[in-house]
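The sequence shown maps to residues 5 to 273 in the working numbering.
Ideal Cβ placement from N, Cα and C applies to all residues, glycine included.
Owing to the predicted nature of the structure, the values given are computational and were not obtained by experimental measurement.
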Amino acid sequence: MAAAVPAGPAAGPTVIPADEDDLQLTRTGFNPTVDDVLDVRDMLVQLRIPIEVVLDIVSFASYYPRQSNIKQFAREYVADHFWSPGPQASITGLYMIVATLPFPDDGARARSITFQIKGADQGWADFGGHGTYHNSHTWYEASILRPRHGEPGVRVADLASIDIPNFRSPEDARAYLEDHGWTMVPNNDAVAWRVHNNITARSESKYYRVDWVAGIPTVVEEPQAMGDGQGFLELLRSGDIVGLWARAEQQAWVNKIQGATMEIEYEVL
Numbered sequence: 005m006a007a008a009v010p011a012g013p014a015a016g017p018t019v020i021p022a023d024e025d026d027l028q029l030t031r032t033g034f035n036p037t038v039d040d041v042l043d044v045r046d047m048l049v050q051l052r053i054p055i056e057v058v059l060d061i062v063s064f065a066s067y068y069p070r071q072s073n074i075k076q077f078a079r080e081y082v083a084d085h086f087w088s089p090g091p092q093a094s095i096t097g098l099y100m101i102v103a104t105l106p107f108p109d110d111g112a113r114a115r116s117i118t119f120q121i122k123g124a125d126q127g128w129a130d131f132g133g134h135g136t137y138h139n140s141h142t143w144y145e146a147s148i149l150r151p152r153h154g155e156p157g158v159r160v161a162d163l164a165s166i167d168i169p170n171f172r173s174p175e176d177a178r179a180y181l182e183d184h185g186w187t188m189v190p191n192n193d194a195v196a197w198r199v200h201n202n203i204t205a206r207s208e209s210k211y212y213r214v215d216w217v218a219g220i221p222t223v224v225e226e227p228q229a230m231g232d233g234q235g236f237l238e239l240l241r242s243g244d245i246v247g248l249w250a251r252a253e254q255q256a257w258v259n260k261i262q263g264a265t266m267e268i269e270y271e272v273l
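Here is the structure:
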């Protein structure tokens, strides 16, 4: 199992699925609203508990609102669908989305995001790397989609109901998404953050988990395997959507994703 972990305390108690054949959310049980958190804090303060201790109690209990989505639907993304002489081949598909917390930005902020992905490539490679992340040309990226300024009535459900086509790259999706009321938040010169690669030349699906925590640098044990998510959580705003892309590049490469989850945890300010 490969994973990117924060360089510090974990983002609250989590449970890794015992059976990775069936993806499960890592955070289950009661999901408090922002008002629930504020009510608990007020009750503790009324007991004359110092606010610093109250905040520690809330943190220790991982009493955080969260937004999540889970999708278990097999899809294949074939790089040759966008083939050109050279040869060059690349494909990008928006596999799933999750909405951010519908609450003002000055009231809550994204604390962490957890990705779980189950996928594989075509199962062979011509230039080595079998069983490692060397020469891996299938991977997953995340983008932040934001309603266009002044765009009335743009909803997550509207985007989720569209049969979004595949593209050569996330950048090539910009015009299509803007036509449907969404802009892509830049990541320096890109519009996506790398989440994780598939192991090279492995036909059996493998489970990957990545955790990004705001304010805590992510320890990337294998740079060829995953990204660190730097700046991602700090850019998230209320009304945004997080999109997970499945990608493949180079002739004959195929990204075979079986399922994925995304979970965003929030700290109430």
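Item, Value
"Counted within 10 angstroms of its Cβ, other Cβ atoms place Trp-128 as buried (16 or more) or exposed", "exposed"
"7 Å Cβ shell around Phe-107 - same chain, five flanking residues per side excluded", "Val-38, Ser-242"
"Residue span of the alpha helix (DSSP H) that contains Gln-50, given as start and end", "38 to 50"
"Opening and closing residue of the beta strand (DSSP E) in which Asp-215 lies", "210 to 217"
"Straight-line Cα distance separating Phe-77 from Ala-124", "14 Å"
"Contact the region 84 to 98 vs the region 25 to 44: 3+ CB pairs below 8 Å", "no"
"Separation of Gln-50 from Tyr-144, as counted between CA atoms", "47 Å"
"Top-ranked residue by Cα proximity to His-138, from Arg-113, Asn-202, Asp-110", "Asn-202"
"Host alpha helix (DSSP H) of Leu-163 (start-end)", "160 to 164"
"Beta-carbon proximity check, Ser-140 vs Thr-187, cutoff 7 Å", "no"
"Own chain partners of Trp-216 with C-beta closer than 7 Å, once the 5 adjacent residues on each side are dropped", "Ser-116, Ile-117, Thr-222, Gly-233, Phe-236, Leu-237"
"Spatial distance of Ser-173 from Gly-111 (CA atoms)", "35 Å"
"Residue nearest to Glu-225 in terms of C-alpha spacing, selected from Glu-269, Phe-64, Arg-213", "Arg-213"
"Proximity below 7 Å, CB of Arg-79 to CB of Ile-268", "no"
"Same chain, Cβ closer than 7 Å to Ala-164, five either side skipped, listed in chain order", "Ile-101"
"Boundaries (first-last residue) of the alpha helix (DSSP H) holding Ala-179", "178 to 183"
"For Ile-274, the first and last residue of its enclosing alpha helix (DSSP H)", "Residue 274 lies beyond the residue range present for the chain, which begins at 5 and ends at 273; the question has no answer from this structure."
"Residue range of the beta strand (DSSP E) that includes Glu-253", "245 to 253"
"For Ala-256, the three-state DSSP class (helix, strand or coil)", "coil"
"The region 48 to 63 touching the region 247 to 263, judged by at least three CB pairs closer than 8 Å", "no"
"Per-residue burial, Ala-161 [other beta carbons within 10 Å of its own, 16 or more giving buried]", "exposed"
"Minimum C-alpha distance to Thr-30 - residue among Leu-240, Arg-70, Asp-244, Met-230", "Arg-70"
"Backbone CA spacing between Ala-179 and Arg-251 [nearest angstrom]", "19 Å"
"Cβ distance (whole Å) where Asn-35 is taken to contact Met-266 below 8 Å", "Wrong, their Cβ atoms sit about 15 Å apart, outside the cutoff."
"Buried/exposed call for Ala-65, threshold 16 Cβ in 10 Å", "exposed"
"Contact check, Ser-209 vs Lys-75, beta carbons under 7 Å", "no"
"Terminal residues of the alpha helix (DSSP H) in which Glu-238 lies", "236 to 239"
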